[in-house]
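Before any comments, here is the structure.
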């Protein structure tokens, strides 16, 4: 269980774990398929929890840019599309797999960087800690619900991308 309930810190922790999983997926010594499975689950659960519980609440704050929040949702779609492309590659470690992995890394890293600079900094500066902790609890609950539902399965990612 995470040490904090602050939604900003929880989201940052997920971003750092995603970066670790990218390193594992790039490593020929690692179990790349297992790293991809964990990554797929985490990415989908994280994005779904943000969109269901965090982003709608943050849009209510006048000092947090609604356009940035909506842009974050659009970037989640791009990340899901890149994830699906990687999940559909037959052979882990093939040239195609490596290429699709780099497209996924680029999409997710770009989003995480932008989200940290705009949305999360805005939340840190404008949302009281008790409210950030309430949002953190809601984020964790939804994230866990998604994880238990095998949200990163190829069938579910296809469903999300086509929605």
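In my numbering, the protein residues as written are 1 to 163.
Glycine residues also receive a C-beta, built at the ideal position from the N, C-alpha and C atoms.
Rounded distance between the beta-carbons of residue j and residue i, thought under 8 angstroms
i: residue 142; j: residue 52; result: 5 angstroms
i: residue 36; j: residue 25; result: 6 angstroms
i: residue 147; j: residue 41; result: 6 angstroms
i: residue 120; j: residue 21; result: Going by Cβ atoms, the distance from residue 120 to residue 21 rounds to 20 angstroms, so no, they are not a contact pair.
i: residue 108; j: residue 43; result: 7 angstroms
i: residue 87; j: residue 161; result: The Cβ separation is near 10 angstroms, so there is no contact.
i: residue 45; j: residue 151; result: 5 angstroms
i: residue 132; j: residue 28; result: Incorrect: roughly 40 angstroms between the Cβ atoms, too far for contact.
i: residue 118; j: residue 66; result: Wrong, their Cβ atoms sit about 11 angstroms apart, outside the cutoff.
Beta-carbon spacing of residue i, residue j below 9 angstroms
i: residue 9; j: residue 136; result: yes
i: residue 80; j: residue 30; result: no
i: residue 72; j: residue 110; result: no
i: residue 75; j: residue 122; result: no
i: residue 106; j: residue 82; result: yes
i: residue 140; j: residue 5; result: yes
i: residue 96; j: residue 89; result: yes
Any chain C beta carbon closer than 9 angstroms to residue i
i: residue 75; result: Of the protein chains in the structure, only one exists, and it is not chain C.
Next on the checklist: I'd like the ranges of any alpha helix (DSSP H) spanning at least 4 consecutive residues and lying wholly in the region 102–144.
Outcome noted: Whole alpha helix (DSSP H) segments, 4+ residues: 121–126.
Next on the checklist: Using 8 angstroms as the cut-off, can you tell me whether the region 118–131 makes contact with the region 58–69, which would need three or more C-beta pairs spanning the two stretches below that distance?
Outcome noted: yes
Checklist entry - Unbroken beta strand (DSSP E) runs of length 3 or more, entirely within the region 32–69: which are they? => result none
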